[in-house]
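See below for the structure under consideration.
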Amino acid sequence: MLSHGLLIILLVNYSYQQDLCSESVLENISRLIDARLSALDIRINAIAGTLHSNNKEIVAKIDEMEENLSNKFVDKLSDLLDDKLASYSLEYLSEIDNKQPDYLESKFTGASNNSNNIKFTLEGVVETLESIKNVTEQIEIKVDKIGETSSNNIILQEDMKMKIASIEDIMVEANNDNTSELLQTALSSSTFSDCHTSCAAVTESYRKMEIFPKGCCSDERVTVLCEDLEGPWTIIQRRKDVEPRENFTRTWNDYIKGFGELDGEFWMGLNLIHELTSKTEHELYIILEDWEGEIRYAKYSHFRVGSPEENYRLSVHGYSGDAGDAMAYHNGQPFTTIDSDHDVWDTQNCAQRWKGGWWYNECHHTNLNGLPNHGTDTISAVGITWRQWRTDDYSLRSTTIKMRQKMVA
1152 MLSHGLLIIL LVNYSYQQDL CSESVLENIS RLIDARLSAL DIRINAIAGT
1202 LHSNNKEIVA KIDEMEENLS NKFVDKLSDL LDDKLASYSL EYLSEIDNKQ
1252 PDYLESKFTG ASNNSNNIKF TLEGVVETLE SIKNVTEQIE IKVDKIGETS
1302 SNNIILQEDM KMKIASIEDI MVEANNDNTS ELLQTALSSS TFSDCHTSCA
1352 AVTESYRKME IFPKGCCSDE RVTVLCEDLE GPWTIIQRRK DVEPRENFTR
1402 TWNDYIKGFG ELDGEFWMGL NLIHELTSKT EHELYIILED WEGEIRYAKY
1452 SHFRVGSPEE NYRLSVHGYS GDAGDAMAYH NGQPFTTIDS DHDVWDTQNC
1502 AQRWKGGWWY NECHHTNLNG LPNHGTDTIS AVGITWRQWR TDDYSLRSTT
1552 IKMRQKMVA
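Sequential numbering from 1152 applies to the sequence shown in the working numbering.
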């Protein structure tokens, strides 16, 4: 039988590993218990109110049920709480299958609060079980007040028998010694390692990975392209010489949601970039390639995209690399698209003028979402440009923009 101490340790251990989920676990355990007990109370009252007083078998069963509830749910409350809480924990864990962070950090600051929450939950369960005992004590009195036999009495009798059987099954389950083993198996199951909130767990050069940007308690999941070249990176934009070329002259909603194909050209989406960079410090890495095969890079030690209310304002600094610092001109600027103008240029929309979507100033030193032109065969500043390397008159062959959580020194 799983002891109270071991159960609390398991739940606290699970809750601090599921940092974002701890309160939600306790709330759901409490809700599941309250809902089941409330449903039991309502159904017993409703059925008892319609049975005829001469149903000796039903009355005897109710008496038996009352005795069992008293003995097993009150006199042996400790054993019942151990197994039932383990059962409800396992039920909730099965609902959030595949939801555990990819790596665990030693964060114990919330452990004491979680322990107190569990304590309050246990106290609430004790009070609720006492209320069930009180309800059963009133059942015989209510049965005595039942009126004449109705035409559907047989159906009601069968319904009551089924309900009693269901209650008996619950009581058998509460005394099942396998419950603790099942709970511990679920907590240690390898399936939970499939939940990732970033690309931090990637071990391949390139890999599509499903992540939970709002944490493993959330149902929201997205597929992103991860890279493990010199560290785990999440790729947020890619342009390359493939056919068909992706259209980057897009609307505000397109840039918010993202577009393209991970196997080709794509833009991750401002909402997701904001979600990921708002939780932890990130760094940015931009790789540029010209049509002669030369590759340059620009790396930034700080990268963050603001909220929708800020129009996804860019924060980027800490340059290093050999491409030149073109992003400094765009630092602090909101995002602009062809149908949503937030740039500094008073008389025109930079996105309309330069055929892209970007953190335009007045207007740009780089236009990595511009038109996919070929080298110097381009209108000045309209192509995929990086002024500090190839000037505004040259459209690059390929670009990759990627980010990762900032490495702790």
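The beta carbon of each residue, even a glycine, is placed where N, CA and C say it ideally should be.
Using 8 Å for Cβ pairs, my map puts residue i next to residue j. What's the rounded Cβ distance?
| i | j | result |
| --- | --- | --- |
| residue 1400 | residue 1530 | The pair is not a contact, with the Cβ atoms about 14 Å apart (cut-off 8 Å). |
| residue 1549 | residue 1390 | 6 Å |
| residue 1525 | residue 1463 | About 30 Å separates the two Cβ atoms, so there is no contact after all. |
| residue 1469 | residue 1452 | 3 Å |
| residue 1393 | residue 1416 | 7 Å |
| residue 1516 | residue 1474 | Wrong, their Cβ atoms sit about 11 Å apart, outside the cutoff. |
| residue 1494 | residue 1514 | 7 Å |
Sort the options by Cα distance to residue i and report the nearest one.
| i | options | result |
| --- | --- | --- |
| residue 1409 | 1497, 1508, 1347 and 1479 | 1508 |
| residue 1418 | 1388, 1447 and 1446 | 1388 |
| residue 1359 | 1347, 1536, 1365 and 1431 | 1347 |
| residue 1384 | 1525, 1438 and 1392 | 1438 |
| residue 1552 | 1420, 1526 and 1533 | 1420 |
| residue 1460 | 1486, 1545 and 1413 | 1486 |
| residue 1407 | 1528, 1422 and 1397 | 1422 |
| residue 1555 | 1518, 1381, 1372 and 1366 | 1381 |
| residue 1506 | 1516, 1496, 1535 and 1482 | 1535 |
| residue 1365 | 1352, 1430, 1523 and 1356 | 1430 |
| residue 1532 | 1518, 1539 and 1373 | 1518 |
| residue 1356 | 1386, 1369, 1374 and 1537 | 1386 |
| residue 1411 | 1402, 1397 and 1403 | 1397 |
Going by DSSP in three states, residue i sits in which element: helix, strand or coil?
| i | result |
| --- | --- |
| residue 1361 | strand |
| residue 1439 | strand |
| residue 1504 | helix |
| residue 1451 | strand |
| residue 1489 | coil |
| residue 1433 | strand |
| residue 1425 | helix |
| residue 1513 | coil |
| residue 1403 | helix |
| residue 1378 | strand |
| residue 1344 | The predicted position of residue 1344 is uncertain, since its pLDDT is 46 and thus under 50; a value taken from the coordinates is nonetheless stated next. Helix. |
| residue 1480 | helix |
Is it right to say residue i is buried, meaning 16 or more other beta carbons lie within 10 angstroms of its own, or is it exposed?
| i | result |
| --- | --- |
| residue 1563 | Shown here, the chain extends from 1152 to 1560; a query on residue 1563 therefore has no answer. |
| residue 1433 | buried |
| residue 1343 | At residue 1343, the pLDDT of 41 sits below 50, so the modelled position is not reliable and the matter cannot be decided from this model. |
| residue 1546 | buried |
| residue 1405 | buried |
| residue 1541 | buried |
| residue 1543 | buried |
Please go through the stretch 1526–1559 and give each complete alpha helix (DSSP H) segment of 4 or more residues, from N-terminal end onward. If we require 4 residues or more, the alpha helix (DSSP H) runs fully inside the stretch 1526–1559 come out as 1538–1541.
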